[in-house]
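Single-structure report; data block below.
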Amino acid sequence: MDTPGQDILEVNKLHTNFLGRHGIVKAVNGVSFSLKAGEVLAIVGESGSGKSVTCLSVMRLHQPHTSRITGEIYLDGENIMDKTERQMQKIRGNRISMIFQEPMTSLNPVYTIGRQLMEPLRMHRKLSRRKAYEESLEILKQVGIYPPKQRMAEYPHQLSGGMRQRIMIAMSLCCNPEVLIADEPTTALDVTIQAQIMDLMRQLTDQFNTAIILITHDLGLARELAQRVLVMYNGVVVEEGELKKMFSDPLHPYTEGLLNSIPRLDQKKKRLSIIPGNVPGPFVELKGCRFHPRCRYCQPLCRETEPELIEIAEDRRAACHFPLGQGGINTAEKGVKR
């Protein structure tokens, strides 16, 4: 078990490009972050921001003939970018696991739940069939699936959406991974099941000291689970820092827009706040700040020069020429308009 507070995962200048019919798609551009043992890091942003691509790149799950990944990815101080595909197969599902967004498409429809649960136990931990079966029953109990023997004999289509998501979590926990990546783990689940999944993920960090990367566009979910947050936009990180501070005092206008779009019970509004425009398409090359076409504080410098992700305050970074709040020029107070 890793020591709490110790860096378990470090990503440096990660770039992910895809070769498409109409040219090269630059999906991730120089993303860097670290993750400590027992920590929950939320990666948030609109669809198309590069959240899932970043984590799939960390797992090295992109097809090598249509993608190119560069940068450094250190797992326990070991650069897994140097690993062969055979070596990565021993790491995936063992030291680092991923819960995919849609469990129905991630589970094999022609194999029983028991067979799919036992496979990583037999492959990575070299358990006998009997021992793997017994361990699978215990794991199902841990994630709250009863009766476990009955569920082991069933197929994915016989389970509800919440149960399938729990099965995915159970599969990811089989080998006690150091890092768990959860891609939209509560999508399409009702609020009761969402709460149960969130409680289960809290137990992982408390009992097993598992480090979790939570990919989500639900800022409410991020606030419930995470300690730190990475805000992504158009393939880059625009803000990083402690989640509580970001919620109370965002530094980047994009973060401010995301927070303002959350419905609040204490405010009577006829219309929800929105961020005008959309995330640029994959082939759009923007000069200057990537967010400037949608930013209400945009100034000439923003259209000409892309800002670097720099430290604005203690343990807080932002990629903005005119950051909001503490440590920067509060353009909102100055009434700057586009």
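The sequence shown begins at -11 in this note's numbering and counts up by one.
Every residue gets a Cβ at the ideal spot worked out from N, C-alpha and C, and that includes glycine.
Per DSSP, what kind of secondary structure is Phe196 in: helix, strand or coil? Stepping through the sequence shown from its first residue, residue 196 is reached at position 208. Of the three classes helix, strand and coil, the one that applies to Phe196 here is helix, per DSSP.
Distance check for Asn164 and Gly102, CA to CA, integer angstroms please. Along the sequence shown, read from residue 1 onward, the residue named residue 102 stands at position 114. Along the sequence shown, read from residue 1 onward, the residue named residue 164 stands at position 176. Approximately 18 Å between the Cα atoms of the pair.
Quick one: measure Cβ to Cβ for Ile155 and Leu115, integer angstroms, because I've assumed they're closer than 8 Å. The count along the sequence shown starts at 1 and reaches residue 155 at position 167. The count along the sequence shown starts at 1 and reaches residue 115 at position 127. Cβ atoms of Ile155 and Leu115 stay farther apart than 8 Å, at about 19 Å.
Just how far apart, CA to CA, sit Leu23 and Ala199? Counted from its first residue, the sequence shown places residue 23 at position 35. Counted from its first residue, the sequence shown places residue 199 at position 211. Cα to Cα, Leu23 sits roughly 7 Å from Ala199.
Could you please give me the residues that DSSP links to Val19 through a beta bridge? Within the sequence shown, residue 19 is the residue found at index 31, counting from 1. The partner list for Val19 (beta bridge, DSSP) reads Leu2.
Segment contact flag, the segment 53 to 68 with the segment -8 to 1, C-beta cutoff 8 Å, min 3 pairs: The segment 53 to 68 is in contact with the segment -8 to 1.
Can you tell me whether Asn266 is buried or exposed? The criterion is at least 16 other CB atoms within 10 Å of its CB, across all chains shown. The count along the sequence shown starts at 1 and reaches residue 266 at position 278. That one is exposed.
Can you name the start and end residues of the alpha helix (DSSP H) that Met69 belongs to? Translated into positions along the sequence shown, residue 69 becomes position 81. Premise fails: Met69 is in no alpha helix (DSSP H) and is neither H nor E.
May I ask which residues mark the beginning and end of the beta strand (DSSP E) holding Ser85? Sequence index remark: in the sequence shown, residue 85 carries index 97 (1-based). Segment 84 to 87, the beta strand (DSSP E) holding Ser85.
List the whole-angstrom C-beta distance separating Leu109 from Cys162, where the pair is believed to meet the contact cut-off of C-beta under 8 Å. For the purposes of this step, residue 109 is taken as residue 121 along the sequence shown, with counting starting at 1. For the purposes of this step, residue 162 is taken as residue 174 along the sequence shown, with counting starting at 1. About 5 Å separates the two Cβ atoms, so the contact holds.
Sorted by chain position, which residues of the same chain lie with C-beta nearer than 8 Å to Ser261's C-beta, five sequence neighbours on each side aside? Translated into the one-based positions of the sequence shown, residue 261 becomes position 273. Scanning its chain for C-beta atoms nearer than 8 Å, with the 5 sequence neighbours on each side dropped, one finds around Ser261 the residues Gly245, Asn248, Ser249, in chain order.
For Glu230 and Ala30, what's the separation of their Cα atoms in angstroms? Taking the sequence shown and counting its residues from 1, one reaches residue 230 at position 242. Taking the sequence shown and counting its residues from 1, one reaches residue 30 at position 42. The alpha-carbon atoms of Glu230 and Ala30 are separated by roughly 10 Å.
Taking the alpha-carbon positions, what's the Arg326 to Gly223 distance? Numbered from 1 along the sequence shown, position 338 holds the residue referred to as residue 326. Numbered from 1 along the sequence shown, position 235 holds the residue referred to as residue 223. At Arg326, the pLDDT of 35 sits below 50, so the modelled position is not reliable; the number obtained from the coordinates is stated separately. If you take the alpha carbons of Arg326 and Gly223, they lie about 24 Å apart.
Using the C-alpha atoms, what's the distance from Pro97 back to Ala320? Along the sequence shown, read from residue 1 onward, the residue named residue 320 stands at position 332. Along the sequence shown, read from residue 1 onward, the residue named residue 97 stands at position 109. In this prediction, Ala320 scores a pLDDT of 43, lower than 50, which makes its location untrustworthy; no coordinate-derived value is stated.
Going along the chain, which unbroken runs of the beta strand (DSSP E) with 3 or more residues stay wholly within the segment 196 to 251? Listed in chain order, the complete beta strand (DSSP E) runs (minimum 3 residues) inside the segment 196 to 251 are 199 to 204, 216 to 221, 224 to 230.
At what residues does the beta strand (DSSP E) containing Tyr62 begin and finish? On the sequence shown, position 74 is the one that residue 62 refers to. Counting along the chain, the unbroken beta strand (DSSP E) around Tyr62 starts and ends at 55 to 63.
On the CB-based measure, 16 or more other CB atoms within 10 Å of its CB, does Thr54 come out buried or exposed? Counting from one through the sequence shown, the residue named residue 54 turns up at place 66. So Thr54 counts as exposed.
Ile169 lies in the beta strand (DSSP E); which residues open and close that run? Your numbering for residue 169 matches position 181 in the sequence shown. Under the DSSP assignment, Ile169 falls in the beta strand (DSSP E) whose first and last residues are 167 to 171.
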